[in-house]
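Here the structure comes first, spelled out in structure tokens, and everything after it is commentary.
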Amino acid sequence: MNIQWNAEKYTSDFSFVYQYGSAVTELIEADPGSAVLDLGCGNGALSKTLKDKGYVVTGIDASADQLAIAREKYPDISFCQADAADFSLPEPVDVVFSNAVFHWIDKEKQPQMLKCVREGLKEGGQFVFEMGGYGNNQRIHKALAEAFARHGYGYTNPFYFPSVGEYASLLEREGFQVRYALLFDRPTELKGENGLADWIRMFVKRPFSVVSSGEEQNAIIEEAAEGLRGQLCQSGIWYADYVRLRMRAVKN
Ligand code: BEZ
Numbered sequence: 053m054n055i056q057w058n059a060e061k062y063t064s065d066f067s068f069v070y071q072y073g074s075a076v077t078e079l080i081e082a083d084p085g086s087a088v089l090d091l092g093c094g095n096g097a098l099s100k101t102l103k104d105k106g107y108v109v110t111g112i113d114a115s116a117d118q119l120a121i122a123r124e125k126y127p128d129i130s131f132c133q134a135d136a137a138d139f140s141l142p143e144p145v146d147v148v149f150s151n152a153v154f155h156w157i158d159k160e161k162q163p164q165m166l167k168c169v170r171e172g173l174k175e176g177g178q179f180v181f182e183m184g185g186y187g188n189n190q191r192i193h194k195a196l197a198e199a200f201a202r203h204g205y206g207y208t209n210p211f212y213f214p215s216v217g218e219y220a221s222l223l224e225r226e227g228f229q230v231r232y233a234l235l236f237d238r239p240t241e242l243k244g245e246n247g248l249a250d251w252i253r254m255f256v257k258r259p260f261s262v263v264s265s266g267e268e269q270n271a272i273i274e275e276a277a278e279g280l281r282g283q284l285c286q287s288g289i290w291y292a293d294y295v296r297l298r299m300r301a302v303k304n
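This note's numbering runs 52 ahead of the 1-based position in the sequence shown.
The structure is reproduced here in structure tokens:
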């Protein structure tokens, strides 16, 4: 995964990530008592939602800071530290669930991640997830690219936001049958009067590695956010232009 999390700020100011994720758990078709892996569980909030539905839950995340929060808040759930593209389970599970994680994994690593998921599932097991889909945050990345260019830097979107067709093909190649797929817009309210600038500071890290001065980084962020005020700020409330890809697949 291509980020160092500020886990406490994520929990306090970006709670919409896991609040929206609750709806994704409803795509799971499994009886209470089924074993569910929450892949990229972060602070464990959705692991808890899954446990409350009666599933036997294990959470995996790469971030020690996020896991420290998860273990403290939910001591009766089992959490392990591992990379989503490099993990194995002691026993296969009925369901692998994931919310808002896979867009952090580079395109080249997705097949490796899907191999781990398939290995971790029982025969006929389900794979239910949501991630950023094709066109996610398009306006934000365009505004950032333009601000970077004005300062003389190149910009590469650090995320992987696939279309339904692209990801369905990948799943089929990796031994899954796709049973449900939906790509939809979900404008997402951000907290605070600097909502978009704060969002960029929290989530868009890698492109800024070429900008050594903190002052110039801030100038780029402010320029990009201000340029989007007319499109993404209504009555003083900022919205990020999220597009979600939601899927359910089964292991062949
Ligand atoms: C998302 O959930 O789509 C997302 C969150 C942060 C950065 C990029 C995408």
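The beta-carbon is built from N, C-alpha and C at its ideal position, and this holds for glycine as well.
Note that the structure is a prediction, hence the values are computed from the model and not measured.
Selection from E160, P239, R238 that minimises the alpha carbon distance to Y219: E160
L234 burial status per 10 Å Cβ neighbour count (16 or more: buried): exposed
Cα-Cα separation, A199 to W290: 19 Å
Proximity test, N58 beta-carbon vs the ligand BEZ heavy atom, cut-off 8 Å: no
Other residues of its chain near H155: CB distance less than 8 Å, five sequence neighbours each side excluded: M183, G184, N188, F211, Y212, F213
Test item: CB-CB of A195 and A271 under 9 Å: no
E143 and A87 closer than 9 Å at C-beta: yes
Beta bridge counterpart(s) of I289 as assigned by DSSP: Q286
Nonlocal neighbours in the same chain, by C-beta distance under 7 Å from E171, ignoring five residues either side: Counting only Cβ-Cβ distances below 7 Å, and skipping sequence neighbours, we find S140.
Pair within 9 Å by beta-carbon distance, V153 and V180: For V153 and V180, no; Cβs fall outside 9 Å.
Any non-hydrogen atom of the ligand BEZ closer than 8 Å to Y294 Cβ: Yes, the ligand BEZ has a heavy atom inside 8 Å of this Cβ.
Cutoff 8 Å; reference A120; Cβ partners in own chain excluding five residues on either side: A59
8 Å Cβ shell around F228 - same chain, five flanking residues per side excluded: Closer than 8 Å at the Cβ level, and outside the excluded window around F228, lie L166, R170, F179, A301, V302, K303, N304.
The segment 104-112 touching the segment 201-209, judged by at least three CB pairs closer than 8 Å: no
Pick from G96, V145, A114 that is closest to K125, judged by C-alpha positions: Out of G96, V145, A114, the CA that lies nearest to the CA of K125 is found in G96.
Continuous beta strand (DSSP E) stretch holding G177: start and end: Looking at the DSSP string, the run of the beta strand (DSSP E) that includes G177 is 173-184.
Three-state secondary structure (DSSP) of S221: helix
Exposed unless 16 or more other CB atoms sit within 10 angstroms - verdict on K61: exposed
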